[in-house]
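Visitor: In the order they appear, the protein sequences are chains A and B.
Each residue of the first sequence is one higher than the one before, counting from 5 in the working numbering.
Each residue of the second sequence is one higher than the one before, counting from 5 in the working numbering.
Cβ atoms here follow ideal geometry from the backbone N, Cα and C, with glycine treated the same way.
After the structure tokens below, expect a handful of questions from me.
Number of protein chains: 2
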Amino acid sequence: MAKRGEPATDIVTAAVLVIGDEILSGRTKDQNIGYIADYLTDIGIQLQEVRIVADDEARIVEAVNALRSQYTYLFTTGGIGPTHDDITADSIAKAFGVGIDIDERAVALMRARYEPDRLTETRLRMARIPDGAELVRNTVSSAPGFMLENVIVMAGVPHIMQVMLDDVVPRLKTGAKILTRTVRVERPEGDVAPWLARLQETFPDVQMGSYPYFEKGILGTNLVLRTMDETKLAAAVKELWQMLAREGFDEYATDVHPESAAG
Amino acid sequence: MAKRGEPATDIVTAAVLVIGDEILSGRTKDQNIGYIADYLTDIGIQLQEVRIVADDEARIVEAVNALRSQYTYLFTTGGIGPTHDDITADSIAKAFGVGIDIDERAVALMRARYEPDRLTETRLRMARIPDGAELVRNTVSSAPGFMLENVIVMAGVPHIMQVMLDDVVPRLKTGAKILTRTVRVERPEGDVAPWLARLQETFPDVQMGSYPYFEKGILGTNLVLRTMDETKLAAAVKELWQMLAREGFDEYATDVHPESAAG
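Here it is as structure tokens:
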């Protein structure tokens, strides 16, 4: 982790694993991937892979083990409720080869919310936590998530996932932030691509992407420049605008500042 | 494939691979996964896995080969535009170990849209198609997708992806449709979970899931029953309602018909 006041230079990576038949059937539309992507980018963790798998133990174990070994952190969402199809906690325990049982710290958190007669055996399923895990607080409905080594296990309900992410993030190491500048050009990608390729050759350390959009019948392109180096980014953006001006495209172009995100 | 008029009974599966740094950075929010999930469920193809990877050849090749061997079909979105960061077609060729070059059929489709002087070398990059692939029509902006064996390669722009899906689906085999019934209960998941587990034991062939929601300050639960067998589904739903009535929960419950989807 960077010292306070100094920009971080190390790379911290992450993957997300979404667990749930309901996403794959289309019944529920995922709202967590985009939220987590924005959140991690903002704090200097690079999201590098996402997988969505069904509520199937073998699939979950396989994905957890593939992803936790490749990235600094793995965030999972979904499958930690009280019902028989909620198998994430048990699958995580299996992936790590550790035991799992009712965790008294989790029960204590749930006692604060539920009357004793409503803390049923079914609800106590949500207090099953793999051995060695730290809890992740759920200020919405009390049943916690957990963090086991580099794997963070969160709820699938977006509002609950979001408070869990807030709780766990201060415990994570963060790395260099990627700085982004977007230039929006109201021209088809094929018209701007040749200059972008030349610009990429001039600035090999600045990652350049072009993303077509289709709005109100117009095909346009967002040119996105990304790097951890502020000076190189400024130089590349300046050179891009000179290229656009030379080709007479500057009148179709708009600089989208990072603050106005969505670009 | 089922004969016309007879319900299909075989299982046809699929995976989706979303290719694009912009999704992982959060800059662009994916709109294709949910659309494809709904579409495939409707026609009797079961979406079983989704992955999102960066514009990185090694990552794409690895994911393509992992997914095309496990599922009946693999659908990819993104990375088939004209710029230097559009590397999907080349990565697919590499994954299959086949050549790739400008395809005259693709050029012909693009000629119909572009004036000769606008069909530049850059745009012709979009006519690069791996050897042995069939084209997938793009009625929005002409540059085609393609289908190579069981892998269908589509654009990332939602509107273009959607017309490509319409074009390719009639060529695919489809299987048994999964029938779904949702009962929405305005009670927390922990209150309904015990009965659902008992119902699951009575109807082992009906897949039962419970999905909490949080709306207007109320935690409720959607109970979703899924099976390919219409008779078993009807019996399970009937029994569920009897259970809800016995527990006095029927007044909090609503039957959500499949037509009103989102549930």
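Does A/Gln52 pass the burial test, meaning 16 or more other C-beta atoms within 10 Å, or should it be called exposed?
Guide: buried
Visitor: Please determine, among B/Arg31, B/Leu203 and B/Tyr39, the residue with the shortest C-alpha to C-alpha distance to B/Val54.
Guide: B/Tyr39
Visitor: Count the other C-beta atoms from every protein chain shown that fall within 10 angstroms of the C-beta of A/Ala249, then say buried if there are 16 or more, exposed otherwise.
Guide: exposed
Visitor: Please list, in chain order, all residues of the same chain as B/Glu138 whose beta carbon is under 7 Å from its beta carbon, the five residues on each side excluded.
Guide: Phe150 and Met151.
Visitor: Apply the 10 Å Cβ neighbour rule to B/Gln74 and answer buried if 16 or more other Cβ atoms are within range, or exposed otherwise.
Guide: exposed
Visitor: In angstroms, rounded to a whole number, what distance separates the CA positions of B/Tyr256 and B/Leu203?
Guide: If you take the alpha carbons of B/Tyr256 and B/Leu203, they lie about 19 Å apart.
Visitor: Does the region 89-100 of chain A come into contact with the region 124-140 of chain A, if we say contact requires no fewer than three beta-carbon pairs (one atom in each stretch) closer than 8 Å?
Guide: yes
Visitor: Compare the C-beta of B/Gly224 with all C-beta atoms of chain A and state if any pair is closer than 8 Å.
Guide: no
Visitor: Can you tell me which residues form a DSSP beta bridge with B/Phe150?
Guide: B/Leu139 and B/Val157
Visitor: Identify every residue that forms a DSSP beta bridge with A/Asn226.
Guide: A/Arg188 and A/Tyr215
Visitor: Using a Cβ cut-off of 8 Å, which residues of the region 228-250 of chain A contact any Cβ in chain B, in chain order?
Guide: Residues of the region 228-250 of chain A whose Cβ lies closer than 8 Å to any Cβ of chain B, in chain order: Val228 and Arg230.
Visitor: Quick one: Cα of B/Ser264 to Cα of B/Ile182, how far?
Guide: Unreliable placement is indicated for B/Ser264, whose pLDDT of 40 sits below 50; no coordinate value is reported for it.
Visitor: Are the C-beta atoms of B/Gly213 and some chain A residue less than 8 Å apart?
Guide: yes
Visitor: On a CA-only basis, which of A/Met165, A/Thr76 and A/Asp105 is nearest B/Tyr217? Give me that one, please.
Guide: A/Met165
Visitor: What are the partner residues of B/Tyr77, as DSSP defines its beta bridges?
Guide: B/Ala18
Visitor: In chain B, which residues lie with their C-beta within 7 Å of the C-beta of A/Ile56?
Guide: Glu53 and Val54
Visitor: Determine the closest residue to A/His88 out of A/Leu237, A/Asp59 and A/Val187, with distance taken between C-alpha atoms.
Guide: A/Asp59
Visitor: Which chain B residues sit within Cβ distance under 7 Å of A/Asp42?
Guide: Gly30
Visitor: According to DSSP, simplified to helix, strand and coil, what is B/Ala6?
Guide: Bear in mind that a pLDDT of 45 at B/Ala6, under 50, signals an unreliable position, so the number given afterwards is only what the model happens to contain. Three-state result, B/Ala6: coil.
Visitor: In the structure shown, what three-state DSSP assignment does A/Arg72 receive?
Guide: helix
Visitor: Cα separation between B/Val111 and A/Ala67?
Guide: The alpha-carbon separation between B/Val111 and A/Ala67 amounts to approximately 40 Å.
Visitor: Who are the Cβ neighbours of A/Leu200 in its own chain at under 7 Å, not counting the five residues just before and after it?
Guide: Met212, Ser214 and Leu227
Visitor: From A/Arg109 to A/Phe79, what distance separates their C-alpha atoms?
Guide: C-alpha separation (whole angstroms): 22 Å.
Visitor: So B/Leu200 contacts chain A; which residues on that side make the cut at Cβ distance below 8 Å?
Guide: Thr87 and His88
Visitor: Check whether the Cβ atoms of A/Gly24 and A/Gly160 sit closer than 8 Å, and answer yes or no.
Guide: Contact: yes.
Visitor: Please state whether DSSP places A/Thr258 in a helix, a strand or coil.
Guide: strand
Visitor: Are any of the Cβ atoms in chain A nearer than 8 Å to that of B/Leu120?
Guide: Leu is not the amino acid found at residue 120 of chain B; the sequence shown has Pro there. It does not; no Cβ of chain A falls within 8 Å.
Visitor: For B/Ile26, count neighbouring C-beta atoms within 10 Å of its own C-beta (all shown protein chains included) and say buried if the count is 16 or more, exposed if not.
Guide: Here the sequence assigns Glu to residue 26 of chain B, which means Ile is not the residue at that position. With 16 or more Cβ atoms within 10 Å of its Cβ, B/Glu26 is classed as buried.
Visitor: So with CB distances below 7 Å, who are the chain A contacts of B/Pro216?
Guide: Gly85 and Val161
Visitor: I want to see whether chain A comes within less than 8 Å of B/Thr124, judged by CB atoms only; does it?
Guide: yes
Visitor: Take the Cβ of A/Arg129 as the centre, count every other Cβ of all protein chains shown within 10 Å, and call the residue buried at 16 or more, exposed below.
Guide: buried
Visitor: Whose Cβ in chain B lies nearer than 7 Å to the Cβ of A/Gln204?
Guide: What A/Gln204 touches in chain B, judged by beta-carbon distance under 7 Å, is His88, going in chain order.
Visitor: A/Arg188 CB to nearest chain B CB: under 8 Å?
Guide: no
Visitor: Here's a check: name, in chain order, each residue in its chain whose Cβ is nearer than 8 Å to the Cβ of B/Asn69, leaving out the five neighbours to either side.
Guide: Ala99
Visitor: Strictly under 8 Å for the Cβ-Cβ distance: is B/Thr45 near chain A by that measure?
Guide: yes
Visitor: Relative to the alpha-carbon of B/Val260, which residue among B/Thr76, B/Thr178, B/Arg127 and B/Val187 has its alpha-carbon at the smallest distance?
Guide: Sorting B/Thr76, B/Thr178, B/Arg127 and B/Val187 by C-alpha distance to the C-alpha of B/Val260 places B/Val187 at the top.
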